[in-house]
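Visitor: First the structure, then my questions, so here it is.
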Amino acid sequence: MNLMIERFGTLFRYKDLLRELVVRDLKLKYRRSFLGYLWSILNPLLIMLVMVAVFSHMFRAGIENFPVYLLSGQAVFDFIRNSTTMAMYSVLDNGALIKKIYVPKYIFTLSKITSTMVDFVFSLGALVLVMIVTRSAFTPYLLATPILVIQVYIFACGMGFFLSAANVFFRDIQYIYGAFLVAWQYITPLFYPLDLLPQWLQTIVVWVNPAWYYVEHFRDLVLYGCFPTMRVFVGGWIWAFIMLALGLFVFKKTQDKFILYL
Numbered sequence: 000m001n002l003m004i005e006r007f008g009t010l011f012r013y014k015d016l017l018r019e020l021v022v023r024d025l026k027l028k029y030r031r032s033f034l035g036y037l038w039s040i041l042n043p044l045l046i047m048l049v050m051v052a053v054f055s056h057m058f059r060a061g062i063e064n065f066p067v068y069l070l071s072g073q074a075v076f077d078f079i080r081n082s083t084t085m086a087m088y089s090v091l092d093n094g095a096l097i098k099k100i101y102v103p104k105y106i107f108t109l110s111k112i113t114s115t116m117v118d119f120v121f122s123l124g125a126l127v128l129v130m131i132v133t134r135s136a137f138t139p140y141l142l143a144t145p146i147l148v149i150q151v152y153i154f155a156c157g158m159g160f161f162l163s164a165a166n167v168f169f170r171d172i173q174y175i176y177g178a179f180l181v182a183w184q185y186i187t188p189l190f191y192p193l194d195l196l197p198q199w200l201q202t203i204v205v206w207v208n209p210a211w212y213y214v215e216h217f218r219d220l221v222l223y224g225c226f227p228t229m230r231v232f233v234g235g236w237i238w239a240f241i242m243l244a245l246g247l248f249v250f251k252k253t254q255d256k257f258i259l260y261l
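Under numbering that gives the first Met the number 0, the sequence shown has 259 at position 260, and the numbering climbs by one with no breaks.
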């Protein structure tokens, strides 16, 4: 308990640095862009239009409100993909600063995850627009969306800590993870219903694919107007804290050796 209090105390002391790093990441992403932060809404909308045109005739039967079904799942998965990918490079990209002064190394990884979370929140404006156009019901369950965001944020932090540490020692991890993301995206029911898969593959998705829990959680809130089942809700928290514990353990055990490989 004392160790946890000490860790939170350190994070609080460096909160200003964390805020500046997050602001920097957001500014750099849309630097010299005419539309700026509007791209957080336009980009998922454009991707959704293409994917709806491609997949609607293949999977639309049996899926209620396919545009919302697609965009809600894609938004959650994009947050996981973008945040963990950016976090993977966080320590390497700040190697020069780490060599010069003492800064808690996890601050750089945490800032990447946090800035991507802010961008994810902005992108939800695209989902709201699609819900309005498709005349979807806005239910009180939408107010529980922050719970889902916190779950995915914790999960992404855990993956980010693990990937950022692994990438320092094993640079090929970035290529392996890129291929893994492609497979992960297609094994997650983003643009097709889960029951389209063979039974054995459905079992694998439900038991060992954490993205499925977060996608289902979000769809229950925005598409089906209900609170997720206890299995989905509790499973999301379990995956989040398992990944956080794993990521922090690996990061803490290896961070003192970063300086030798930067």
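Using N, Cα and C, we set each Cβ at its ideal position, and we do this for glycine too. All values reported here derive from a predicted model rather than from experimental measurement.
Could you tell me the alpha carbon to alpha carbon distance between Phe76 and Lys256, rounded to whole angstroms?
Guide: Phe76 and Lys256: Cα-Cα distance of roughly 32 Å.
Visitor: Thinking just about the alpha-carbon of each residue, which of Leu220, Asn64 and Lys252 is nearest to the one in Ile146?
Guide: Minimum Cα distance to Ile146 is reached at Leu220.
Visitor: DSSP three-state label for Ser135, please.
Guide: Ser135 falls in the coil class under three-state DSSP.
Visitor: Between the beta-carbon of Met130 and the beta-carbon of Val67, is there less than 8 Å?
Guide: Yes, the Cβ-Cβ distance between Met130 and Val67 is below 8 Å.
Visitor: Tell me whether Phe65, by its Cβ, gets closer than 7 Å to a heavy atom of the ligand SAH.
Guide: What this structure holds is no ligand at all, so the ligand SAH is not there to describe.
Visitor: Give me the residue from Pro197, Leu109, Ala165 and Leu261 with the minimum Cα distance to Tyr13.
Guide: Residue Leu109 is the option with its Cα nearest to Tyr13.
Visitor: Please state whether DSSP places Tyr140 in a helix, a strand or coil.
Guide: It is helical.
Visitor: Using beta-carbon positions only, say whether Val204 and Ile186 come within less than 8 Å of one another.
Guide: A contact, by the Cβ cut-off of 8 Å.
Visitor: Looking only at its own chain, which residues have a Cβ that is under 7 Å from the Cβ of Asn81, when we skip the five neighbours before and after it?
Guide: Closer than 7 Å at the Cβ level, and outside the excluded window around Asn81, lie Thr115.
Visitor: Please specify which runs of the alpha helix (DSSP H), each continuous and at least 4 residues long, are wholly inside the segment 151–232, giving them in chain order.
Guide: Counting whole runs of 4 or more residues, the segment 151–232 contains the alpha helix (DSSP H) stretches 172–186, 198–207 and 209–221.
Visitor: Figure out for me which residue from Ser122, Leu196, Gln201 and Asn93 has the closest Cα to the Cα of Ala74.
Guide: Closest option to Ala74, Cα to Cα, is Ser122.
Visitor: Ala125 and Gly224 - do their beta-carbons sit closer together than 8 Å?
Guide: Not in contact: Gly224 and Ala125 (Cβ atoms no closer than 8 Å).
Visitor: So, are the CB atoms of Leu20 and Phe160 less than 8 Å apart?
Guide: Taking 8 Å as the Cβ cut-off, Leu20 and Phe160 do not qualify as a contacting pair.
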